[in-house]
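Protein chains: 2
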Amino acid sequence: MKFTVAQLNYHIGNFSGNKELICNAIKKAKAVGSDLIIFSELCIPGYPPLDLLDRIDFIEKCNQTVMEIARECTGIAAIVGSPTINTRPEGKKLHNSALLLSEGKIIFSANKALLPTYDIFDEYRYFEPEKEFSVFSFKGLRLAITICEDLWDEQPFDNEFEKTRLYTVSPMEELVKQNPDLIINIAASPFSYSKIEAKENIFISKAIKYKIPVISVNQTGANTELIFDGASVIINEKGKIYKQLPFFEEAVETYSFESIKSESITGNNIKSDSISLIYKALVTGLRDYFNKTGLKSSVIGLSGGIDSAICLCLAVKALGNENVRVLLMPSRYSSDHSVRDAVTLARILNVQYDIVNIEKPFRAFEEDLEPVFRGLNTDVTEENIQARIRAILLMAVSNKFGCIVLNTSNKSEAAVGYGTLYGDMAGGLSVIGDVYKTDVYRIAEYINMEKEIIPENIIRKLPSAELRPDQFDTDSLPDYKILDSILYQYIELQKPAGRIIKEGADGDTVLKVIRMIDFNEYKRYQAPPVLRISSKAFGVGRRMPLVARYLL
Amino acid sequence: MKFTVAQLNYHIGNFSGNKELICNAIKKAKAVGSDLIIFSELCIPGYPPLDLLDRIDFIEKCNQTVMEIARECTGIAAIVGSPTINTRPEGKKLHNSALLLSEGKIIFSANKALLPTYDIFDEYRYFEPEKEFSVFSFKGLRLAITICEDLWDEQPFDNEFEKTRLYTVSPMEELVKQNPDLIINIAASPFSYSKIEAKENIFISKAIKYKIPVISVNQTGANTELIFDGASVIINEKGKIYKQLPFFEEAVETYSFESIKSESITGNNIKSDSISLIYKALVTGLRDYFNKTGLKSSVIGLSGGIDSAICLCLAVKALGNENVRVLLMPSRYSSDHSVRDAVTLARILNVQYDIVNIEKPFRAFEEDLEPVFRGLNTDVTEENIQARIRAILLMAVSNKFGCIVLNTSNKSEAAVGYGTLYGDMAGGLSVIGDVYKTDVYRIAEYINMEKEIIPENIIRKLPSAELRPDQFDTDSLPDYKILDSILYQYIELQKPAGRIIKEGADGDTVLKVIRMIDFNEYKRYQAPPVLRISSKAFGVGRRMPLVARYLL
């Protein structure tokens, strides 16, 4: 039997676009005599459709699209992912289904049993879990068709408090009783730089445990904050990787089932270091946010610091230099090198830049507020006014020219609230809001690997917000190496403060940092969507009560 | 048997505060010889604790607080709600439990089986559903202890596409086999003006079906956007309301079980019209947001329009006039009556007001941007700059004086994106973001019922953003009566466009409005938390993909 893995980039709710992608892949597979083409989870509506699933018209459109694709399946079968209506009288209204299409019909369907409802996933919000399982015989092969988490009945969590066995059923334990020849897993599994091996190991361990090959088909591309890595993988019955598709690229590849079992494995799986994958993930996230919202161009506030510098490099890579413009917005507190370094970078990348000094509006605000603030000292208020003036200028360019403001705050700043709401926290999309400052430097090195693009001076200077004379980040924050280590343990690993301290961090610093994180939930509530590259990003995957008083 | 209903206002994560509330109620109940005091769902951590539940230290603190309260239960028993650890090897790490405490011990526990995971609820994110059920004999009475949704196995949804039977199990059908004498339901059920009767009917129908009394204990007060109505209710075995506790107030009341069964019912349940309840809900939401964040004072931009006028009235009611100040920020486009009307209202309510004209900063921005915008026409860009200058001024006062900016946008505007991101959409809390414009007028009438507080001129003038000469809302939007009707059908009832049109609305208007709603998801993504009074508010209960392309 010949089968085709279709690793594609779907767009939520864009039924005609998704159908075209799928039908083109079917044509391609037919041309090489494939028997079965496998698409990824919920490929029909795109993933995650979120509350669009609450609309009956949306579900009807899914059904209609499935039937249109079924009619293209002549001489070939296809597995597609789509929501289907739960026909039982009780339970959630939908199932998350894998549908086997052939000759105009749905000849088999399997519903997802394990519904991830943690972090960024909300699947039990919409879907009824399946409790019955069957393999399906296709061209003499008994297929165990599973959907993503269905194979993740045992999984490692970063938070040790979570159980490894998160579910009380195991679909494969049921399916294996029916002697399958092959496990197929269709997925919509977003990228996380710390989960690459864990994901592979899930499939490897199942192949070894059941002594049958596993074909895992993931999607690629990004939908808002979620970036899907692709990296679909075929594993033989001994747990060796037979083929792996590329990261962050579409691919339609055909193999024969027999060769998985017979060919010796050459070990061609892709090992990339995490920074190069993070870089590709961010470029993918940026590119697709623009592609899928239908907008072309962006504007960035370029400060002369490292954060906006790498955001600019990423944006130029994703959108092209002709679709990125920058504003330099010096103030009375800006150092000479800020403007000089920013101009140098803008010229190297050949992007349009405008210099707008914020002194005039700043003075206008000072004058306007003088009667209200009379007799009071200058404080963080005046620093925030400067940051907010810059946001007004960026948004004015955005409004006038129809381009999206890219937010350039990093995860370390976002964590401790070292940023101004409606100021430097503004933007349509946060490019590096899931990248700690220490990793920002690693990305800069990666960008400069072959030749110096980001001027060395931008990388070497001490981080500063330049909102008052001689201000440096370290005035308010611990050294970023120390800070990021605490942040990672508290945010990603969800370790209690006591344990972070017991394991070696300075007690006062840990408490200070955690209080800053907790205190600033209200700011992050209003932050733009953040391109997610870690196992715990700010945004939809991390839900904290604003009025909590849980002090350490 | 004497039992006490404790309808209290808990604060998320404030263990010492919650414990004090609970212990004071226990003392009060003991003083009147009560046998059993009943608190509400998850009263120990406060509801909803969200991802604080992912922290082992948070759960340990819950356990510790439960045991401290158990030691206060001498000569009385107490039912409290708390998360407990799932001791089985698989499944979610926690249960949502009702714990019966007596003489220093937990003598019985019941875990929640039906875990709401829709709208604002995410309970399956944290909790393993219970599958086994037992009644507990206490002082000769067999108690069926249930937690909130456990009784909601059949419920009406506004969206007809949702199933009435959302779950595949029914805890009461299991419990009734063990012949209970009494159903106890502990809840954390947020207010929604359209659900008041539906809630009562749930309890009434269970009492009638099983021919046993129901005691439902809800919490009151607000945590961020969720406002809990209290309105705990005791229903006799015939389905008549024996007692109902007040809306939006704490209450600790003791009754005898025998009297529920013997006393004839006088029908004293509280019937309030929805506007007076919405008014009380918003005041509660405002008051508690400040109480629970520990902040005292607020600042509002007062435009002379009706939205900011009712927000000011609500804030003065909730916080006291000494804790509310207003900024009047006229521009070259402001009409004379705007400032005059705003000053009149500020004086009537006796709040501090400052007038800051935005002309100077506006001109500074125009000058700064002149080289960038050369040759281009004036458009919405310049309107947005004005709105954003006002946000900078409000945030400056917020920063300087430590007060929270209250956002005054209504739900109709938020729906169609008739507002400026980082401008009039800014603020720490949205007061009327879940109130349609037509209901804003009804609230104004309610406020003016006894005497004129809001000047008649504010209520009567045509709505205008005053961002360009002679601008009125109706230039861009349909009449609010028509608009709000479409919004309600699309947002709350989740009706497809086709059906809204079929049922009588104008086709072009419906399509235009729905496109505006869908297009503006990106703005609402960054909006402040919205006090929730409806069955579908913007914010956490409505999750839409930003990059969706699902056109009608």
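Protein chains in written order, with the working numbering: chain A, 1419 to 1970; chain B, 1419 to 1970.
Even glycine gets a Cβ: it sits at the ideal position worked out from N, Cα and C.
Distance from the CA atom of isoleucine 1456 of chain A to the CA atom of alanine 1606 of chain A, rounded to whole angstroms, is 13 Å. In the assembly as shown, arginine 1583 of chain A is an exposed residue. Its beta-carbon has fewer than 16 other beta-carbons within 10 Å.
The beta-carbon of glutamate 1580 of chain B is placed less than 8 Å from the nearest beta-carbon of chain A. The beta carbon of threonine 1762 of chain B sits closer than 6 Å to the beta carbons of Pro1873 from its chain, once the five residues preceding and following it are set aside; these are given in chain order. A direct Cα-to-Cα measurement between tyrosine 1628 of chain A and alanine 1649 of chain A gives close to 22 Å. With a threshold of 8 Å between beta carbons, proline 1947 of chain B makes contact with chain A.
Counting only residues of its own chain and dropping the five nearest sequence neighbours on each side, tyrosine 1544 of chain A has a CB closer than 7 Å to the CB of Leu1471, Lys1510, Leu1512.
Neighbours of leucine 1468 of chain B in chain A, taken as residues at a C-beta separation under 7 Å, are given in chain order as Arg1961, Met1962, Pro1963. Ranked by Cα distance from phenylalanine 1675 of chain A, the options A:Ser1953, A:Gly1957, A:Phe1421 are led by A:Phe1421. When secondary structure is reduced to three states using DSSP, proline 1608 of chain B falls in the strand class. In this structure, asparagine 1514 of chain A sits away from asparagine 1504 of chain A, with a CB-CB distance that is not shorter than 8 Å.
In this structure, DSSP gives phenylalanine 1457 of chain B a state outside helix and strand, which the three-state scheme calls coil. Only exposed fits leucine 1880 of chain B, as fewer than 16 other CB atoms lie within 10 angstroms of its CB.
In this structure, the straight-line span from the alpha carbon of lysine 1920 of chain B to that of isoleucine 1810 of chain B is close to 45 Å. At a cut-off of 8 Å, the C-beta of proline 1779 of chain B has a neighbouring C-beta in chain A.
For alanine 1966 of chain A, the residues of chain B that pass the 7 Å Cβ criterion are Ile1430, Gly1431, Leu1470, in the order they occur in the chain.
If one requires a minimum length of 4 residues, the alpha helix (DSSP H) runs lying completely within the stretch 1703 to 1744 of chain B are 1724 to 1737, in chain order. For arginine 1917 of chain B, the uninterrupted alpha helix (DSSP H) segment begins and ends at 1915 to 1920.
Collapsing the DSSP output to three states places isoleucine 1430 of chain B in coil. In the DSSP assignment, tyrosine 1859 of chain A falls within the alpha helix (DSSP H) that extends over 1855 to 1865.
Straight-line spacing of the CA atoms in valine 1587 of chain A and arginine 1473 of chain B works out to 25 Å. Of all alpha-carbon atoms in A:Ile1877, A:Leu1787, A:Lys1818, A:Thr1799, the one lying nearest the alpha-carbon of aspartate 1725 of chain A is that of A:Ile1877.
Boundaries for alanine 1649 of chain B: no alpha helix (DSSP H) harbours it, and the DSSP string shows neither H nor E there. Taking a Cβ-Cβ cut-off of 9 Å, the neighbours of methionine 1813 of chain B in chain A comprise Thr1799, Asn1802, Ile1803, Arg1806, Thr1838, Leu1839, Tyr1840, Gly1841, given in sequence order. Listed along chain A are Pro1963, Leu1964, Val1965, each with a C-beta nearer than 8 Å to that of threonine 1642 of chain B. Each residue's CA atom was taken as its position, placing serine 1520 of chain B and leucine 1439 of chain B some 18 Å apart. A contact is defined here as three or more CB-CB pairs under 8 Å, and the stretch 1590 to 1605 of chain A meets this definition with respect to the stretch 1558 to 1577 of chain A.
By the Cβ criterion, the stretch 1422 to 1435 of chain B is in contact with the stretch 1635 to 1651 of chain B, since at least three pairs of Cβ atoms, one from each stretch, lie closer than 8 Å. Taking C-beta atoms as the reference points, glutamine 1944 of chain B and proline 1946 of chain A count as a pair closer than 8 Å. With contacts defined by Cβ atoms closer than 8 Å, serine 1716 of chain B and leucine 1644 of chain B do not form a contacting pair. A straight-line Cα-Cα distance of about 37 Å links phenylalanine 1575 of chain A and glutamate 1910 of chain B.
Here glycine 1522 of chain B has Ala1488, Arg1489 as same chain residues with Cβ atoms under 6 Å from its own Cβ, once five neighbours each way along the sequence are excluded.
By the Cβ rule, the stretch 1850 to 1857 of chain B counts as touching the stretch 1827 to 1838 of chain B, because three or more pairs are nearer than 8 Å.
Residue state for threonine 1892 of chain B is assigned as helix, using DSSP reduced to three classes.
Residue-level contact check: valine 1734 of chain B does not touch chain A, since none of the beta carbons of chain A fall below 8 Å from its beta carbon. In the three-state reduction of the DSSP assignment, isoleucine 1773 of chain A falls in the strand class.
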